[in-house]
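Undergrad: Okay, here's the structure, questions in a sec.
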Amino acid sequence: MGSPSEQRKSKTRRMKPLGIQLYECVRGSPISFRSCQALVLTLTFLSYSSYHATRKTTSIVKSVLDPKTENLGMLHWPSHLYLQDLRDARSKKTALYSGWAPFNADDGTALLGEIDLAFLGVYAIGMFFAGHLGDRVDLRILLTIGMIGTGFFTAAFGAGNWLNIHSFYYFLGVQMMSGLFQSSGWPSVVAVVGNWFGKSKRGLIMGIWNAHTSVGNISGSLIAAAMLKFGWSWSFAVPGMMIAVVGLAVFLFLPVDPEVIGIEEDLHEKDAEKDDMGAPLLEERSAAKEKAVGFIQAWRIPGVAPFALCLFFCKLVAYTFLYWLPFYISHTAIGGQYLSDSAAGVLSTLFDVGGVVGGILAGHISDRLDARALTAASFTFSAIPALFFYRIYGSFSLYWNIALMFITGMLVNGPYALITTAVSADLGTHSSLSGNSRALATVTAIIDGTGSIGAAVGPLLTGYISAKSWSGVFTMLMASALIAGLLLSRLVMAEISAKMESRRPDAASDLPVSSIEEP
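Quick note on my numbering: the sequence shown kicks off at 4 and runs consecutively.
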């Protein structure tokens with residue numbers, strides 16, 4: 004059988020990625036802890052960027068599949084009426100292209116909304132199972148399978164053009180399978196990053212790292228828009244091939260935790276003392292004795308339910324922009340002129356640029372204030388006037404559109420990024436878990452899975468509401484932002500009360516401020 008040390012080394016050799024084994028063989032020495040941290044951040048960043056690049060493709064191609072233009076975007080809200088009947092504008096249609104059956108029919112917009120629902124619905128359901136599975140299997144294998152499967156079915160959607168397929172159920176089935184494979188991504192990458200980085204400055208670190216969402220959206224938009232001139236099938240095929248290549252790199256090089264590369268606990272802690280960036284997120288590690296947290300138990304962790312429900316409405320707003328913003332821009336006269344599909348796709352990337360800034364800003368502010376709920380609620384409430392002004396004044400000129408889109412992206416994506424990263428990691432290592440490290444993927448899946456249900460509902464409703472009024476769509480988005488902020492009210496009050504208590508002369512010095520740390 005061998006000694007325990009030999010058994011541990013044998014297990015490490017079996018689990019260690021092949022690429023790292025080759026690197027250490029060529030280099031002649033083990034890979035360092037800091038190098039592994041850099042490798043983890045880079046690979047997980049590229050991994051989830053490629054996931055979002057494949058998701059963004061559909062929104063760019065929508066205007067090609069369903070090219071009929073309705074001049075709904077030219078009309079604004081009267082000051083005394085927020086929802087108005089625009090049926091008289093439906094007769095003013097301009098066919099830009101022939102489109103692709105069945106999406107070029109009169110119900111094409113609704114069909115595209117149903118495609119979005121199918122993808123996001125399966126994605127949301129799969130998220131819960133993926134998180135539960137992620138705490139029990141090798142995250143590197145789970146992530147690799149998810150990425151290669153996503154690449155295959157993304158390319159399969161575009162293959163419908165090459166194979167001259169016009170069956171709605173073909174595209175529906177392909178998107179459902181793509182959503183299933185994509186659901187393994189987020190719980191996996193958050194759990195891996197959580198295994199390597201401590202809580203100190205977690206909001207800022209994860210705010211910067213979470214830029215992968217916007218980077219993926221931007222790169223996906225630019226690639227899909229650039230490929231349109233070769234045919235819309237290539238807009239799907241290229242991102243599909245890219246995510247498969249990144250998936251192969253993940254399989255070869257991603258170390259899921261320090262034990263995989265053979266770092267002993269004392270060495271891990273020694274490195275952590277040198278730099279708080281290396282502080283182990285999961286203290287009191289005892290993997291052999293730990294038991295994965297159950298689904299119901301994870302829901303009962305204080306703070307999980309309100310943040311999960313808040314994310315439902317945050318992602319409803321964010322994903323409506325993700326899937327419909329290029330379509331909205333191309334169907335709205337900006338400065339009296341309509342933009343082409345590719346130009347609208349490029350312009351829509353500014354929303355994601357604002358999202359990068361918003362994610363970093365929200366993470367930094369929440370670290371400084373030690374108040375995750377207060378920060379998230381402040382951003383969601385501020386997003387309401389931003390959405391209103393973008394709808395009213397966004398079509399005045401290109402410059403107004405760019406400025407308001409950037410601000411809206413910053414305020415919409417800020418709380419979305421904060422909740423899905425730092426908040427999920429905080430709750431996944433909550434004090435009520437008594438040091439159990441095997442809850443991170445489950446908690447992440449619960450929060451983001453609940454949010455993904457909202458992400459499915461938003462684009463679906465938009466498909467139907469936009470056929471009558473884009474003003475109705477923006478009213479829905481503002482109401483969602485309001486509800487998202489209100490859901491955090493109790494946690495916000497707890498954070499404010501804790502801060503006031505901590506400033507009293509007789510207050511205990513170790514009084515927790517963040518609502519997430521409350522027992």
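Backbone N, C-alpha and C fix where the C-beta goes; we use that ideal spot for every residue, glycine too. The structure presented is a predicted model; accordingly, all values stated were derived computationally and were not measured.
Under the DSSP definition of a beta bridge, which residues are partnered with ILE337?
TA: DSSP output for ILE337 lists GLN340 as bridge partner(s).
Undergrad: So, helix, strand or coil for LYS59, using DSSP?
TA: Of the three classes helix, strand and coil, the one that applies to LYS59 here is helix, per DSSP.
Undergrad: For the candidate residues GLY223, SER333 and SER351, whose alpha-carbon lies nearest to that of SER343?
TA: Per the Cα distances, SER333.
Undergrad: How about SER455 and LYS232: are their beta carbons less than 8 Å apart?
TA: Going by C-beta atoms, SER455 is not nearer than 8 Å to LYS232.
Undergrad: Please list, in chain order, all residues of the same chain as ASP355 whose beta carbon is under 7 Å from its beta carbon, the five residues on each side excluded.
TA: So the list reads SER217, ASN220, ILE221 and GLY412, once near-sequence residues are dropped.
Undergrad: Could you tell me which uninterrupted alpha helix (DSSP H) segments, each at least 4 residues in length, are contained entirely in the segment 213-252, listed from first to last along the chain?
TA: If we require 4 residues or more, the alpha helix (DSSP H) runs fully inside the segment 213-252 come out as 214-230.
Undergrad: Classify VAL476 as buried or exposed, calling it buried when 16 or more other Cβ atoms lie within 10 Å of its own Cβ.
TA: Buried is the call here.
Undergrad: By Cβ distance, which residues of its chain are closer than 6 Å to ALA400, with the 5 residues on each side in sequence left out?
TA: Per the sequence shown, residue 400 should be read as Ser rather than Ala. Excluding positions up to five away in sequence, the list reads GLY338.
Undergrad: Using a Cβ-Cβ distance cut-off of 8 Å, determine whether ALA104 contacts chain C.
TA: Absence of chain C from the displayed structure is noted, only one protein chain being present.
Undergrad: Entirely within the segment 376-440 and at least 4 residues each: give me those alpha helix (DSSP H) ranges in chain order.
TA: Entirely contained in the segment 376-440, the alpha helix (DSSP H) runs reaching 4 residues are, in chain order, 401-421 and 427-431.
Undergrad: I'd like the list of long-range same chain contacts for ALA380, defined as Cβ closer than 7 Å, with 5 residues on each side in sequence excluded.
TA: Around ALA380: GLY488, LEU491 and VAL495.
Undergrad: By alpha-carbon positions, which one of PRO258, PHE174 and LEU328 ends up nearest to ILE23?
TA: Comparing Cα positions, the closest option is PRO258.
Undergrad: Compare the Cα-Cα distances from PHE48 to each of GLY182, ARG394 and ASN213 and report the closest residue.
TA: Out of GLY182, ARG394 and ASN213, ASN213 has the C-alpha closest to the C-alpha of PHE48.
Undergrad: What would DSSP say about PRO329, mapped onto helix, strand or coil?
TA: If DSSP states are grouped into helix, strand and coil, PRO329 belongs with the helices.
Undergrad: So, helix, strand or coil for LYS502, using DSSP?
TA: Note: LYS502 maps to helix in three-state DSSP.
Undergrad: Kindly give me the distance between the Cβ atoms of GLU117 and LEU328, rounded to whole angstroms, as I take these residues to be in contact under 8 Å.
TA: Contact flag wrong, Cβ pair sits at about 19 Å.
Undergrad: Starting from PHE200, follow the alpha helix (DSSP H) in both directions and report where the run begins and ends.
TA: Note, PHE200: premise wrong, no alpha helix (DSSP H); not H, not E.
Undergrad: Any idea what DSSP makes of ARG303, helix, strand or coil?
TA: In the structure shown, ARG303 sits in coil (DSSP, three-state: anything other than H, G, I, E or B).
Undergrad: Return helix, strand or coil for PHE174, following the three-state DSSP convention.
TA: In the structure shown, PHE174 sits in a helix (DSSP, three-state: H, G or I).
Undergrad: What is the rounded straight-line gap between the Cα of ILE63 and the Cα of SER224?
TA: Approximately 6 Å between the Cα atoms of the pair.
Undergrad: Do you know how far the Cα of SER427 is from the Cα of PHE324?
TA: Rounded to the nearest angstrom, the two C-alpha atoms are 23 Å apart.
Undergrad: Grouping DSSP H, G and I as helix and E and B as strand, with all else coil, what is TRP189?
TA: Three-state result, TRP189: helix.
Undergrad: Please classify MET503 as buried or exposed, where buried requires at least 16 other C-beta atoms within 10 Å of its C-beta.
TA: So MET503 ends up on the exposed side.
Undergrad: Excluding the five sequence neighbours on either side, which residues of its own chain have a C-beta within less than 6 Å of the C-beta of LYS65, listed in chain order?
TA: These residues qualify, in order along the chain: LEU115 and PHE330.
Undergrad: Under the three-state reduction of DSSP, which class applies to PRO309: helix, strand or coil?
TA: If DSSP states are grouped into helix, strand and coil, PRO309 belongs with the helices.
Undergrad: Measuring only the C-alpha atoms, how far is ALA484 from THR383?
TA: Straight-line Cα distance between these residues: approximately 5 Å.
Undergrad: Could you tell me which of VAL320, ARG375, ASP451 and ILE449 sits nearest to ARG493, measuring between CA atoms?
TA: Per the Cα distances, ARG375.
Undergrad: Using only the alpha-carbon positions, how far apart do ALA247 and LYS19 sit?
TA: Using only the alpha carbons, I get a separation of about 21 Å.
Undergrad: By the three-class DSSP mapping on this structure, what secondary structure does HIS3 have?
TA: The displayed coordinates of the chain run from 4 to 522. Any statement about residue 3 would go beyond what the structure contains.
Undergrad: Under 8 Å: do the segment 149-165 and the segment 230-245 share three or more Cβ pairs, one atom per stretch?
TA: With the cut-off at 8 Å, the segment 149-165 and the segment 230-245 touch.
Undergrad: Starting from ILE486, follow the alpha helix (DSSP H) in both directions and report where the run begins and ends.
TA: Note, ILE486: alpha helix (DSSP H), 473-490.
Undergrad: So for ALA374, helix, strand or coil by DSSP?
TA: The answer is coil: DSSP assigns ALA374 none of H, G, I, E or B.
Undergrad: Report buried or exposed for LEU25, applying the criterion of at least 16 other Cβ atoms within 10 angstroms of its Cβ.
TA: That one is exposed.
Undergrad: How long is the line joining the alpha carbons of TYR54 and PHE184, rounded to whole angstroms?
TA: Their Cα atoms are separated by approximately 10 Å.
Undergrad: For ILE34, which three-state DSSP category applies?
TA: Three-state DSSP puts ILE34 in coil, outside helix and strand.
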